[in-house]
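Asks:
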Ligand SMILES: NC(=O)c1ccc[n+]([C@@H]2O[C@H](COP(=O)([O-])OP(=O)(O)OC[C@H]3O[C@@H](n4cnc5c(N)ncnc54)[C@H](O)[C@@H]3O)[C@@H](O)[C@H]2O)c1
Ligand SMILES: [Zn+2]
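In this note's numbering, the protein residues as written are 27 to 367.
(1) Measuring from the CB of residue 161, is there a heavy atom of ligand 1 at a distance below 7 Å?
(2) DSSP state of residue 189, grouped into three classes?
(3) Hey, could you find the ends of the beta strand (DSSP E) residue 48 is sitting in?
(4) Could you check which residue in 367, 124, 43, 45 has the C-alpha nearest to that of residue 63?
(5) Counting C-beta neighbours from all protein chains within 10 Å, is the total for residue 116 16 or more, i.e. buried, or is it exposed?
(6) Pull the bridge partners of residue 29 from the DSSP assignment, please.
(7) Quick one: residues in its chain with C-beta nearer than 6 Å to the C-beta of residue 196, no 5 flanking neighbours on either side, listed in chain order?
(8) Cβ of residue 260 within 7 Å of any heavy atom in ligand 1?
(9) Across the segment 125-136 and the segment 96-114, are there enough close Cβ pairs to call them in contact, namely three or more that are closer than 8 Å?
(10) Mind checking who residue 163 pairs with in its DSSP beta bridge?
(11) Is it the case that the CB of residue 52 approaches a heavy atom of ligand 1 more closely than 7 Å?
(12) Please classify residue 231 as buried or exposed, where buried requires at least 16 neighbouring CB atoms within 10 angstroms.
(13) Taking the alpha helix (DSSP H) that residue 263 falls in, what are its first and last residues?
(14) Got a sec: does ligand 1 put a non-hydrogen atom nearer than 7 Å to the Cβ of residue 185?
(15) Could you check whether the Cβ of residue 149 sits closer than 7 Å to any heavy atom belonging to ligand 2?
(16) Do the CB positions of residue 151 and residue 121 come within less than 8 Å of each other?
(17) So, for residue 90: in the same chain, excluding its five sequence neighbours on each side, which residues have a beta-carbon less than 7 Å away from its beta-carbon?
(18) With respect to the alpha helix (DSSP H) encompassing residue 74, which residues constitute its N-terminal and C-terminal limits?
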């Protein structure tokens, strides 16, 4: 088991990565109220049913204030109070919702997470961003509050669909690309074992990814600078995710491929380094060939809510394991996108 501390102005989190961590629920005091993803509850009923469970429905369409309101009412019904302890159990959706409920109910009650998806363990459960969607716009409503603990229980990943698991690998590769070149090479060498959920490789990969995210969040909790680097691959990723009905990680994978090629075209990255990143992505079974044309991508980026004025803040690489924020005027972006094909 590995333990990592996250310390920020808004709170501290004790993060654990290892096997059978969910058994630790028995030692919590007070007895926890679980806000648990419906599929995770179904797959791991024997682990979670001894505790008070409120169900978080699965699917982005349920990541709404209506779901939050229902959970508030359920909490009132079971007489939860300020001394209660909420534990969000599930992937990024359930922990985002549980964190939002816990940080607003009675103006905040103590909470922690048990993360059950790879994307959740390496990304969503770490860093204190909690929230829900509004009218289909992602994560429009939310808080930044750190859970007191996060348990990345590797055993839970055995029931995650392989497609969702691979989608999580995209965020893992992202950490290598933006801040850890040796990790990229490690992933290249160990991809077969990672895909087979080899316990030693998995523990190492999740731990290293968690440490990468912690390092960034500790320096920039509120995303005023450095934390933006975590959006590598996400500008184009978000622009194609909805249209192409791709899982988030698949869209981010394509976004990383195109952002790497853009970095090469701007003379910041060598083609062999871009090829290394592309080969790691493709060895994970993630897509590297894009079906959308540059005009469609450009139109979708224009709609991106993160676009400020006529500039877009693109995350590019100036080396493998090194990322920078580059403001690009929207009118210059269009020909740049064409040059990527
Ligand atoms: N807070 C953040 O910083 C942050 C960062 C990235 C993503 N997110 C959010 O995270 C969400 C995506 O997270 P996700 O990819 O984990 O998706 P998810 O939570 O929707 O889980 C994906 C699917 O896998 C199922 N599942 C999860 N764990 C399982 C398990 N162990 N066994 C069987 N099935 C399991 C879920 O029921 C769901 O159907 C999005 O809502 C996104 O906005 C938040
Ligand atoms: Zn992401």
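Every residue, glycine too, gets a C-beta built ideally from N, C-alpha and C.
Replies: Looking at the atomic coordinates:
(1) If you number the chain shown from 1, residue 161 lands on position 135. Every heavy atom of ligand 1 is 7 Å or more from the Cβ of residue 161, so no.
(2) The sequence position of residue 189 within the chain shown is 163, counting from 1. In this structure, residue 189 counts as helix in the three-state DSSP scheme.
(3) Sequence index remark: in the chain shown, residue 48 carries index 22 (1-based). From DSSP, residue 48 is part of no beta strand (DSSP E); its letter is neither H nor E.
(4) Looking up residue 63 in the chain shown gives position 37. Among 367, 124, 43, 45, the Cα nearest to that of residue 63 is on 124.
(5) Mapped onto the chain shown, residue 116 falls at position 90. Residue 116 comes out buried.
(6) Working through the chain shown from its first residue, we reach residue 29 at position 3. Bridge partners of residue 29 according to DSSP: 42.
(7) As a first step, residue 196 must be located in the chain shown, where it is residue number 170. The residues are 275, 278, 279, 312.
(8) Start at 1 with the first residue of the chain shown, and residue 260 comes out as number 234. Checking every heavy atom of ligand 1 against the Cβ of residue 260, none is found closer than 7 Å.
(9) yes
(10) Walking along the chain shown from the start, residue 163 turns up at place 137. Answer is 160.
(11) By one-based count along the chain shown, residue 52 stands at place 26. It does not: the Cβ of residue 52 is nowhere closer than 7 Å to a heavy atom of ligand 1.
(12) The residue you call residue 231 lines up with position 205 of the chain shown. Flag for residue 231 reads buried.
(13) Sequence index remark: in the chain shown, residue 263 carries index 237 (1-based). Per DSSP, residue 263 belongs to the alpha helix (DSSP H) from 260-270.
(14) Counting from 1 along the chain shown, the entry for residue 185 is found at position 159. Correct: residue 185 has its Cβ closer than 7 Å to ligand 1.
(15) Reading the chain shown from its first residue, position 123 is the one you call residue 149. Under cutoff, so the answer is yes.
(16) Translated into positions along the chain shown, residue 151 becomes position 125. Translated into positions along the chain shown, residue 121 becomes position 95. The answer is yes: Cβ separation under 8 Å.
(17) Taking the chain shown and counting its residues from 1, the one referred to as residue 90 is at position 64. 158, 159, listed in sequence order.
(18) If you number the chain shown from 1, residue 74 lands on position 48. 71-74 is the extent of the alpha helix (DSSP H) around residue 74.
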